[in-house]
Structure formats: C-alpha cells, structure tokens
Amino acid sequence: MKKYIRQIIQLQKNIITTFKRVYPEVKDYNLLLDCPREGKLEINGQIWLFIKHGKGLKFIRKEPVPKIIVDIHNYFSEPNVLDEWRLKQYIESLNLTYSTSEINNSLHELTLTHFLKKISEQQYKLNELK
Numbered sequence: 083m084k085k086y087i088r089q090i091i092q093l094q095k096n097i098i099t100t101f102k103r104v105y106p107e108v109k110d111y112n113l114l115l116d117c118p119r120e121g122k123l124e125i126n127g128q129i130w131l132f133i134k135h136g137k138g139l140k141f142i143r144k145e146p147v148p149k150i151i152v153d154i155h156n157y158f159s160e161p162n163v164l165d166e167w168r169l170k171q172y173i174e175s176l177n178l179t180y181s182t183s184e185i186n187n188s189l190h191e192l193t194l195t196h197f198l199k200k201i202s203e204q205q206y207k208l209n210e211l212k
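The numbering of the sequence shown is my numbering, which starts it at 83 and goes up by one.
Set out below in structure tokens:
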C-alpha cells in the first residue's frame, strides 16, 4: 500500500503545482469558489482533465491510457494529504482490487508505523521523513 500512497502523493504534487501555474487567477483553495468548472492540464506529456465538484476537483488522466483518477475532494492545497476515498478511487483506476476495510486497515497500520499521520477523522498526511 505504501507504493500506491507514494504514487498518489507524487501525482497530487504534480497536479497541484501545474494547476496553480496554469490557473493563477484561482486564489480560494479552501472552497475553490473562483475555480473553473472544468479544464485541462498537460503534465509531463500527459493530458489530465478536471471537473469541479463540491469543494474539490476530480482529475482524470486521459492520455496515455489507462485512465487514472485522482480526486482531490478536499485539502486541495496540501498534496501530502489523502483519505480512504481518494486512495480507493486511485487504486481502482489502476484496475487493482482492495476492499474498503483493507484500505482502512492499511491506513491505520501505516499510522502506527509513523509512515502516515492522522490529521482528522478521515484524513492522513504523509510524514515528511518517511
């Protein structure tokens, strides 16, 4: 599971960095009230589309295939943060099968080893030193 967490964290870093460069007019990273409803990013030769929903953005890699999903539905300006929902969507988009309980158990175990730090009821943050 560590491998997938590292992957999604790196993707989130790349996505957020590129998003801020391409859409400098967006200033509200809490509710994304000034964010476009949809858009496109090119990241390292890959094409990513996004749609706004609630107070987050769902990013879908269109090219190259396979399609990958990174749903940054909250904590948009903090790329080291994830939760079970975000990780589950990402893993499923890789055509891997993990149950919700397997993911939750892994997240819990990784907090015990200090790989992750629980920062709220559902959110975890990658410990920088790991």
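From the three backbone atoms N, C-alpha and C, an ideal C-beta is built for every residue, glycine too.
The structure displayed is predicted, hence computed values, not measured ones.
Quick one: what does DSSP say Lys212 is sitting in, helix, strand or coil?
The residue labelled residue 212 in the question sits at position 130 within the sequence shown. Only weak support exists for where Lys212 lies, its pLDDT of 49 falling under 50; the value from the coordinates is given anyway. In the structure shown, the three-state DSSP call for Lys212 is coil.
If you follow the beta strand (DSSP E) that Phe132 is in, where does it begin and where does it stop?
The sequence position of residue 132 within the sequence shown is 50, counting from 1. Residues Gln128 to His135.
Which same chain residues, not among the five before or five after Phe141, have their C-beta less than 6 Å away from its C-beta?
Counted from its first residue, the sequence shown places residue 141 at position 59. Ile97, Trp130, Phe132 and Val152.
Cβ pair count under 8 Å reaching 3, the segment 100-114 against the segment 180-190:
No: fewer than three Cβ pairs fall under 8 Å.
Need the endpoints of the beta strand (DSSP E) that Glu145 sits in, please.
In the sequence shown, residue 145 corresponds to position 63, counting from 1. That run of the beta strand (DSSP E) goes Gly138 to Glu145.
Below 7 Å CB to CB, which residues in the same chain sit around Gln128 once its five sequence neighbours on both sides are set aside?
Numbered from 1 along the sequence shown, position 46 holds the residue referred to as residue 128. Arg143, Glu145 and Pro146, listed in sequence order.
Using CA atoms only, rank isn't needed, just tell me which of Gln204, Asn209 and Glu203 is closest to Thr195.
As a first step, residue 195 must be located in the sequence shown, where it is residue number 113. In terms of Cα proximity to Thr195, the closest of Gln204, Asn209 and Glu203 is Asn209.
N- and C-terminal bounds of the alpha helix (DSSP H) containing Glu174
Counted from its first residue, the sequence shown places residue 174 at position 92. It spans Glu166 to Ser175 - the alpha helix (DSSP H) in which Glu174 sits, taken as one unbroken run.
Under a three-way DSSP split, which group does Glu160 fall into?
Translated into positions along the sequence shown, residue 160 becomes position 78. Looking at Glu160 - three-state DSSP - the assignment turns out to be coil, as it is neither helix nor strand.
Range covered by the alpha helix (DSSP H) that runs through Lys149
For the purposes of this step, residue 149 is taken as residue 67 along the sequence shown, with counting starting at 1. Note, Lys149: premise wrong, no alpha helix (DSSP H); not H, not E.
Going by the CB atoms, is the gap between Thr193 and Tyr172 shorter than 8 Å?
Locating residue 172 in the sequence shown gives position 90, counting from the first residue. Locating residue 193 in the sequence shown gives position 111, counting from the first residue. Not a contact, by the Cβ cut-off of 8 Å.
Exposed or buried, what is Pro161 when buried is set at 16 or more other beta-carbons lying within 10 Å of its beta-carbon?
On the sequence shown, position 79 is the one that residue 161 refers to. Buried.
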